[in-house]
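**Student:**
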Amino acid sequence: RVPAYWRDVAKSRSDLAFRNDFWRRWNRVTPGQVAKNRVLRVLLIGRTSQKQLKYEEKVLTDIVNETGGSIRPARQVDEAIFMAANAVGMWKATGFFGECDGGIESPKCIDKTREIYIKKLKEYEHKSDYLDQKGDSPWYMPFGLGRVYYTELHGWPDAAKVDPEDPEYQPEIMDRILRWRTSETHKISLETGMKSFFFGQAQPMGLSEPANQHFSVWIDRFKEEFDPKGLAAPGQPYIPDRMFQEHFPAAITDDMRQAVKKAEAGPWMGNSE
3 RVPAYWRDVA
13 KSRSDLAFRN
23 DFWRRWNRVT
33 PGQVAKNRVL
43 RVLLIGRTSQ
53 KQLKYEEKVL
63 TDIVNETGGS
73 IRPARQVDEA
83 IFMAANAVGM
93 WKATGFFGEC
103 DGGIESPKCI
113 DKTREIYIKK
123 LKEYEHKSDY
133 LDQKGDSPWY
143 MPFGLGRVYY
153 TELHGWPDAA
163 KVDPEDPEYQ
173 PEIMDRILRW
183 RTSETHKISL
193 ETGMKSFFFG
203 QAQPMGLSEP
213 ANQHFSVWID
223 RFKEEFDPKG
233 LAAPGQPYIP
243 DRMFQEHFPA
253 AITDDMRQAV
263 KKAEAGPWMG
273 NSE
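All the letters of the sequence shown, read from the start, carry residue numbers 3 to 275 under my numbering.
1) Assuming contact is defined by CB atoms lying nearer than 8 angstroms, are G195 and E154 in contact in what I supplied?
2) Helix, strand or coil: which one does DSSP assign to I65?
3) Looking at F98 and P159, is the spacing between their C-beta atoms short of 8 angstroms?
4) Measure the beta-carbon distance from S218 to E211 and round it to whole angstroms, keeping in mind my assumption that it falls under 8 angstroms.
5) Can you tell me which of P33, D23, R26, P230 puts its alpha carbon nearest to the alpha carbon of P5?
6) Quick check on DSSP: helix, strand or coil for L46?
7) Measure the CB-CB distance between K129 and V31 and report whether it falls below 8 angstroms.
8) Rounded to whole angstroms, what's the CA-CA distance from M176 to E170? Just pull it up for me.
9) How is I106 classed by DSSP in three states: helix, strand or coil?
10) Please determine, among A265, M143, Y119, Q172, the residue with the shortest C-alpha to C-alpha distance to H290.
11) Assign K163 to buried or exposed, taking buried as 16 or more other Cβ atoms, counted over all protein chains shown, within 10 Å of its Cβ.
12) With DSSP as the reference, label E127 as helix, strand or coil.
13) If we require 4 or more residues per run, which alpha helix (DSSP H) segments fall completely within the region 127 to 186?
14) Which residues in the same chain as L46 place their Cβ atom closer than 8 angstroms to its Cβ, once the five residues preceding and following it in sequence are excluded?
15) Please state the DSSP three-state secondary structure of V278.
If you want it as structure tokens, here you go:
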């Protein structure tokens, strides 16, 4: 399912006036319009024959007609890949990459994660720090015949307000963003069981991996066995831990630490909660 604001990003074509063009489009969109319209990209594959492909197309057409939708053929290019690589275009409507968390899990787990995240963002005191997605976050993508979902929880701040060298810089916003990303939203993943794919990349893995069955034990063993001198990716995957400890320890809240402990002592340890 395509996020609503990505449609306006695509329409803007990433030209030199991209950001102004995007904002002109997006500011006219209302939450009601977003709720009523959904764009779903579908790739049909005829694995056995042209006849099967025609059958798959008919099934899709029947589903669309039954649900009151309309079919709009897409161009025969994988534009998403090229757009994703274009940082100025696809990913930076606000000039800042602002993903909070992401994971690949069962539909039940992803749906629960989305439900809690939407509620938390709605109640968040400082949600104006981020691009207003008009109720369309997080986005998700089912695959494996619907058995598995991929999801991303976004939060896009204004780049000018988080750049120390910009006249519009507001340090309190950066403080809130780090806390929101590192503790508030990541805590949701621990509570629902959605395994984040940001451990060791942008989130302090040493903090939260006890809630994920202590898999760092295996990472350390492999490192010791095959890279005892630490030549490959020195310091990883614990660099984010060190950075947070040295530069912004307040990003890790007491609630987050408690969530890790609770998840660590989960049902597999005899804890009924």
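Every residue, glycine too, gets a C-beta built ideally from N, C-alpha and C.
**Tutor:** On the basis of the coordinates in this document:
1) By the CB criterion at 8 angstroms, G195 and E154 fall outside the cutoff.
2) Correct three-state label for I65: helix.
3) The answer is yes: Cβ separation under 8 angstroms.
4) Rounded, the Cβ-Cβ distance is 5 angstroms, consistent with contact.
5) When P33, D23, R26, P230 are compared, the shortest CA-CA separation from P5 is found for P33.
6) Judged by DSSP in its simplified three-state form, L46 adopts coil rather than helix or strand.
7) Contact: no.
8) Each residue's alpha carbon lies about 12 angstroms from the other.
9) If DSSP states are grouped into helix, strand and coil, I106 belongs with the strands.
10) Since the displayed the chain opens at 3 and closes at 275, residue 290 lies outside it and no answer follows.
11) Using a 10 angstroms sphere on the CB of K163, the tally of other CB atoms reaches 16 or more, which defines it as buried.
12) E127 falls in the coil class under three-state DSSP.
13) The qualifying runs are 173 to 181.
14) Counting only Cβ-Cβ distances below 8 angstroms, and skipping sequence neighbours, we find L55, E58, E59, L62.
15) The requested residue 278 does not occur in the structure, where the chain is confined to residues 3 to 275.
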